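Novice: This is the structure, below, for whatever I ask next.
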Amino acid sequence: MNAPFFKFGYFGDDMSLVVAFVIGIGFGFFLERAGFGSGRKLTAQFYFYDMTVFKVMFTAIITAMVGLYYLSVLGFVDLSLVYQMPTYIIPQVIGGLILGVGFVVGGYCPGTSCVALSTGKVDAVVYLLGIIGGIFVFGESFSLIKDFYYSTALGQLTLPQIMHLPYGLIVFLVILMAVGGFAGATWVEKRIAAKGVKS
Amino acid sequence: MKSQLFQMTLNKKLGLTVGFLGFVAVFAGNPYKGSGATVNVKELAISVEKEVDHVSPEELADWIMQGKADFRLVDLRSEKEFAEYHIPGAENIPLATIPEADLLRSEKIVLCSEGGIHSAQGWFFLKAKDFKAVYILRGGLDEWKDKILFPKLAVNATAYDKAAFEKAKAASAYFGGTPISGVTDQSVQPQVALPKIEMPSQANPQAGPQKKKKKEGC
Numbered sequence: 001m002n003a004p005f006f007k008f009g010y011f012g013d014d015m016s017l018v019v020a021f022v023i024g025i026g027f028g029f030f031l032e033r034a035g036f037g038s039g040r041k042l043t044a045q046f047y048f049y050d051m052t053v054f055k056v057m058f059t060a061i062i063t064a065m066v067g068l069y070y071l072s073v074l075g076f077v078d079l080s081l082v083y084q085m086p087t088y089i090i091p092q093v094i095g096g097l098i099l100g101v102g103f104v105v106g107g108y109c110p111g112t113s114c115v116a117l118s119t120g121k122v123d124a125v126v127y128l129l130g131i132i133g134g135i136f137v138f139g140e141s142f143s144l145i146k147d148f149y150y151s152t153a154l155g156q157l158t159l160p161q162i163m164h165l166p167y168g169l170i171v172f173l174v175i176l177m178a179v180g181g182f183a184g185a186t187w188v189e190k191r192i193a194a195k196g197v198k199s
Numbered sequence: 001m002k003s004q005l006f007q008m009t010l011n012k013k014l015g016l017t018v019g020f021l022g023f024v025a026v027f028a029g030n031p032y033k034g035s036g037a038t039v040n041v042k043e044l045a046i047s048v049e050k051e052v053d054h055v056s057p058e059e060l061a062d063w064i065m066q067g068k069a070d071f072r073l074v075d076l077r078s079e080k081e082f083a084e085y086h087i088p089g090a091e092n093i094p095l096a097t098i099p100e101a102d103l104l105r106s107e108k109i110v111l112c113s114e115g116g117i118h119s120a121q122g123w124f125f126l127k128a129k130d131f132k133a134v135y136i137l138r139g140g141l142d143e144w145k146d147k148i149l150f151p152k153l154a155v156n157a158t159a160y161d162k163a164a165f166e167k168a169k170a171a172s173a174y175f176g177g178t179p180i181s182g183v184t185d186q187s188v189q190p191q192v193a194l195p196k197i198e199m200p201s202q203a204n205p206q207a208g209p210q211k212k213k214k215k216e217g218c
């Protein structure tokens, strides 16, 4: 028995929802424990006096990457079945910028707003209403932006593919980048704290 | 040495561990070769019977015109045939080389060949290697030419046929084909040249095939 379980048909749609529920609870729990139920903590990232968001996200990336890499090398996971989002470079860059602006202004990203809501934050309610409004506008105007949405298609890209490097080497390089990033983030935090910018 | 290790902060320990795992990864090989697969004959038989793995030429034409990139169109014919004509965006992987082709199991793959047989065989090879989303272009390039490049409208067409023909004309123009109206017999094969291989956006109407109306029947 090896993963991904759903795509290999080890369980059906009903079970997948139960699994999604359990994973979702776990995801939300750890986001909350990381302090991501607070819009102040999240926006602090953009002023560089609290780099927790960067550290938590990079830790998640590294953990998932190392875990998936070794599990698939050992034959427990069929990596070629793991879904990769196709790249539409310009729409995705613009979408990312819109999300980023919303993040700074609203204080949350979509996932963390749900976490904040469950801890009883009123601003999260407003944020979620905004999300629902945004989904509605996007859905209704999709036929207008469809051409743009599917433009500059590059297919499913991976770093080993575009850099023509062995997979393991990329794993190592990303880890080096993360460890360097952690050291750099801690250094930046100390510098900003020393300046007394913290509100 | 040992006491030094214990004195480290948790962060440093984690950093060291992940650094070690990363270093080992450089020599641990490619993860994409770490799995085998078995053929579930019954599952395959059912999906064949239900024809869930077919893509009609119309659907494919729609996807290409919309610029969708969530699938790969694989042409299984020989390089020579591929050079003569292929559907825009197709990549040439002759059937014999499909086992070692650079395809991922998570990708949506649409196979096409002259008719449907080679596609069906290639489909089976890929299914046996546990590719999940493999589709066959229904009727292959024969049907593609028939339905998309040179759609035909019979003289005695119904209103429904005419509406469908209007839609087909747009697709035909996009792919550089020639719609043929006023055909008295559906079985007539029009003798028209295939469009030149260019991306549709650069298609030059001058370079397109000459419109020939054939009205002979049996």
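Chains D and C are the protein sequences, given in the same order. Using the working numbering, the letters of the first sequence correspond one by one to residues 1 to 199. Using the working numbering, the letters of the second sequence correspond one by one to residues 1 to 218. All residues carry an ideal CB built from backbone N, CA and C; glycine is no exception. Computed from a prediction, not measured in an experiment: that's the story for all the values here.
#1: Is Tyr174 (chain C) close to chain D, meaning its C-beta is less than 7 Å from at least one C-beta of that chain?
#2: Counting only runs of 4+ residues fully inside the stretch 129 to 170 of chain C, write out the alpha helix (DSSP H) ranges in chain order.
#3: Under 8 Å: do the stretch 33 to 53 of chain D and the stretch 95 to 107 of chain D share three or more Cβ pairs, one atom per stretch?
#4: Give me the Cα-Cα distance between Lys190 (chain D) and Tyr49 (chain D), rounded to the nearest whole angstrom.
#5: Can a CB atom of chain D be found closer than 7 Å to the CB of Gly67 (chain C)?
#6: In angstroms with no decimal places, state the Cα-to-Cα distance between Val74 (chain C) and Arg40 (chain D).
#7: Which of helix, strand or coil does DSSP assign to Glu91 (chain C)?
#8: So what's His164 (chain D) in DSSP terms, helix, strand or just coil?
#9: Per DSSP, what kind of secondary structure is Phe46 (chain D) in: helix, strand or coil?
#10: Contact defined as beta carbons within less than 8 Å: I believe Gly37 (chain D) pairs with Ala116 (chain D). What is the distance between those atoms, to the nearest angstrom?
#11: Going along the stretch 164 to 178 of chain D in order, which residues come within less than 9 Å of chain C, judged by CB to CB distance?
#12: Is the CB of Tyr32 (chain C) under 7 Å away from at least one CB in chain D?
#13: At a CB distance below 7 Å, what residues from the stretch 12 to 26 of chain C approach chain D? Give them in sequence order.
#14: Considering only their Cβ atoms, is the gap separating Ala34 (chain D) from Val66 (chain D) smaller than 7 Å?
#15: DSSP three-state label for Met8 (chain C), please.
#16: Taking only beta-carbon positions, decide if Pro4 (chain D) is within less than 7 Å of chain C.
#17: Which same chain residues end up closer than 8 Å to His164 (chain D) when comparing Cβ atoms and leaving out the 5 residues on each side of it in sequence?
#18: Distance check for Glu58 (chain C) and Gly140 (chain C), CA to CA, integer angstroms please.
#19: Can the beta-carbon of Phe175 (chain C) be found less than 7 Å from the beta-carbon of Ile148 (chain C)?
#20: Where do the ends of the beta strand (DSSP E) carrying Ala153 (chain D) lie?
#21: Should Asp70 (chain C) be flagged as near chain D, meaning a C-beta pair shorter than 7 Å?
#22: Do you know how far the Cα of Asn30 (chain C) is from the Cα of Leu74 (chain D)?
#23: Looking at chain C, is there any beta carbon in it that lies within less than 7 Å of the beta carbon of Leu129 (chain D)?
#24: Got a sec, what are the start and stop residues for the alpha helix (DSSP H) Val18 (chain D) sits in?
#25: So which of D:Tyr149, D:Thr186, D:Phe172 and D:Leu79 has the shortest CA-CA distance to Ile201 (chain D)?
#26: Any contact of the stretch 76 to 85 of chain D with the stretch 101 to 108 of chain C, i.e. 3+ C-beta pairs under 8 Å?
#27: On the CB-based measure, 16 or more other CB atoms within 10 Å of its CB, does Ala61 (chain C) come out buried or exposed?
#28: In whole angstroms, give me the CA-to-CA distance for Ser56 (chain C) and Ile87 (chain C).
#29: Report the CB separation of Phe125 (chain C) from Pro99 (chain C) in whole angstroms; it is logged as a contact under 8 Å.
#30: Where in the stretch 16 to 74 of chain C do unbroken runs of the alpha helix (DSSP H), each at least 4 residues long, occur, reported from the N-terminal end onward?
#31: Starting from the beta carbon of Pro86 (chain D), find every residue of chain C whose beta carbon is closer than 8 Å, and list them in chain order.
#32: Are Phe58 (chain D) and Ala183 (chain D) touching if we call contact CB-CB under 7 Å?
#33: Put Val110 (chain C) into one of helix, strand or coil per three-state DSSP.
#34: Taking buried to mean at least 16 other C-beta atoms within 10 Å of its own C-beta, is Ile170 (chain D) buried or exposed?
#35: Just to confirm my understanding: we take Leu71 (chain D), look at its own chain, exclude 5 residues before and 5 after, and list those with CB closer than 6 Å. What are they?
#36: What in chain A is Cβ-close to Phe182 (chain D), meaning under 8 Å?
Specialist: Short version:
#1: no
#2: 140 to 144
#3: yes
#4: 8 Å
#5: yes
#6: 51 Å
#7: strand
#8: coil
#9: helix
#10: 5 Å
#11: Pro166, Tyr167, Gly168, Leu169, Ile170, Val171, Phe172, Leu173, Val174, Ile175, Leu176 and Ala178
#12: yes
#13: Gly15, Val18, Gly19, Leu21, Gly22, Phe23, Ala25 and Val26
#14: no
#15: coil
#16: no
#17: none
#18: 12 Å
#19: yes
#20: Ala153 to Gly155
#21: yes
#22: 10 Å
#23: no
#24: Asp13 to Arg33
#25: Chain D is shown only over 1 to 199; residue 201 (chain D) falls outside these bounds and no answer can be derived.
#26: yes
#27: buried
#28: 14 Å
#29: 6 Å
#30: 41 to 50 and 57 to 66
#31: Ala69 and Asp70
#32: no
#33: strand
#34: buried
#35: Val77
#36: This model lacks chain A altogether; the protein chains it does include are D and C.
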